[in-house]
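Chemist: Dropping a structure here in C-alpha cells format, bear with me for questions.
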Amino acid sequence: MSFDENIPGWLTLDEVQPLKNICSLVPKNSNVIEVGVFAGRGTLLLSEELPNSKIYSIDPWIDYTKLENVLNTTVGRRFRPTDVQKIFQTEVLPLCNNVTAIQGMFPENLNVKDNIGMIYFDTWGNDRDYNLYSAAWDLLINNGILCGRSFSSWGENVIKSVRKISRDKNVPIQLPPSTSLWYMIKK
Ligand SMILES: C[S@@+](CC[C@H](N)C(=O)[O-])C[C@H]1O[C@@H](n2cnc3c(N)ncnc32)[C@H](O)[C@@H]1O
C-alpha cells in the first residue's frame, strides 16, 4: 500500500497520484534521496513506486515534543511525539526493502553521492531551503529530478527558494495542479 493515512504525516491523498507521476520521470535504476521522513508516510510511496532504485531517507528525528499541539491537529492519528522514529522503524521500514534510513541532516550527513536521479524534499521550510536545493542540484545526474512539497501558502521560504533555483539554473518549475508539489528536471 503506497499511502497509509494511519501513518502520521503530511502527504495528502490528492498528492499521491501526482507524486507517482513525478516518480515515473526518475532515470531508470538511479538512486533517490528523500529529505524529511518524519514517520515515513512519503517513504512508503517512494519505495513502492521506485522498486529498482535505492532510496536513502534522511531525517534527524529530533525530539518533536515542542510540536505536540501542531502535530496532533495536522497529521492524523494521535501518537506520542517521541514515537515518530519508532513508528517509522516498526511500521514503515519493514515494508520498504529498498530504503536505507540515515539519521542526520541533509546535506552534511549524507555521504551517498553517486547516480542520484531524484531528491525529494519534505522538510519544514526555512531560510536554509535555497542552500539545500542548491546542494541537491549539484548531486543530481543529468535528467535527474529536484522536487518537493510545500509550494503553497504555508511554504513561503520554499516558494522563494524554488523560484531562485529556477532562475539560477534556467529551468522551469513544474507545479502539478491542486497540490503543493513542485519539481524541476536537470538538463
Ligand atoms: C513535514 S515533515 C516530513 C513529512 C513526511 N515526508 C510525510 O510524508 O509525512 C518534515 C521533516 O523534515 C525533517 N527535516 C528538516 N530539515 C531537514 C534536513 N535538512 N535534513 C533532513 N531532514 C530534515 C524534520 O525532522 C521533519 O521530520
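Residue numbers for the sequence shown, in the numbering used here: 1 to 187.
Ideal Cβ positions, reconstructed from N, Cα and C, are used throughout, including at glycine.
Values in this document were obtained by computation on a predicted structure and should not be read as measured data.
Following a CB-centred definition, is I62 positioned closer than 7 Å to any heavy atom of ligand 1?
Modeler: The count along the sequence shown starts at 1 and reaches residue 62 at position 62. I62 Cβ: within cutoff of ligand 1.
Chemist: Name the two residues that bound the continuous beta strand (DSSP E) containing L140.
Modeler: Residue mapping note: residue 140 aligns to position 140 of the sequence shown, counting from 1. L140 to G148 is the extent of the beta strand (DSSP E) around L140.
Chemist: Hey, would you say I145 sits closer than 8 Å to L25, going by beta carbons?
Modeler: Taking the first residue of the sequence shown as position 1, residue 145 is located at position 145. Taking the first residue of the sequence shown as position 1, residue 25 is located at position 25. Yes.
Chemist: Indicate the three-state DSSP secondary structure (helix, strand or coil) for W10 in the structure shown.
Modeler: Position 10 of the sequence shown, counted from the start, is the residue given in the question as residue 10. In this structure, W10 counts as coil in the three-state DSSP scheme.
Chemist: Are the Cβ atoms of P18 and T179 separated by less than 8 Å?
Modeler: On the sequence shown, residue 18 is found 18 positions in, with the first residue counted as 1. On the sequence shown, residue 179 is found 179 positions in, with the first residue counted as 1. Cβ atoms of P18 and T179: closer than 8 Å.
Chemist: Mind checking which residues open and close the alpha helix (DSSP H) that includes G42?
Modeler: Mapped onto the sequence shown, residue 42 falls at position 42. Looking at the DSSP string, the run of the alpha helix (DSSP H) that includes G42 is R41 to E49.
Chemist: For ligand 1, I want to know if D35 counts as a neighbour, meaning its beta carbon is within less than 7 Å of at least one of the ligand's heavy atoms.
Modeler: Position 35 of the sequence shown, counting from 1, holds the residue named residue 35. The displayed chain sequence assigns Val, not Asp, to residue 35. Checking every heavy atom of ligand 1 against the Cβ of V35, one is found closer than 7 Å.
Chemist: Note down, in chain order, each residue of its chain lying with its Cβ closer than 6 Å to the Cβ of N29, except the 5 sequence neighbours on either side.
Modeler: Within the sequence shown, residue 29 is the residue found at index 29, counting from 1. Correct list, in chain order: N52.
Chemist: Using 7 Å as the cut-off, classify the Cβ of P42 as near or not near the heavy atoms of ligand 1, replying yes or no.
Modeler: For this step, residue 42 is matched to residue 42 along the sequence shown. Strictly speaking, residue 42 in this sequence is Gly, with Pro absent from that position. Under cutoff, so the answer is yes.
Chemist: State yes or no: is the C-beta of L181 nearer than 7 Å to some heavy atom of ligand 1?
Modeler: Counting from 1 along the sequence shown, the entry for residue 181 is found at position 181. No - ligand 1 has no heavy atom lying nearer than 7 Å to the Cβ of L181.
Chemist: N157 and N131: beta carbons closer than 8 Å?
Modeler: Numbered from its first residue, the sequence shown carries residue 157 at position 157. Numbered from its first residue, the sequence shown carries residue 131 at position 131. Contact flag unset, no.
Chemist: By the three-class DSSP mapping on this structure, what secondary structure does E156 have?
Modeler: In the sequence shown, counting from the first residue as 1, residue 156 sits at position 156. Looking at E156 - three-state DSSP - the assignment turns out to be helix.
Chemist: Just to confirm the assignment, what range does the alpha helix (DSSP H) spanning Q85 have?
Modeler: As a working note, residue 85 is residue 85 in the sequence shown. Q85 -> alpha helix (DSSP H) spans V84 to I87.
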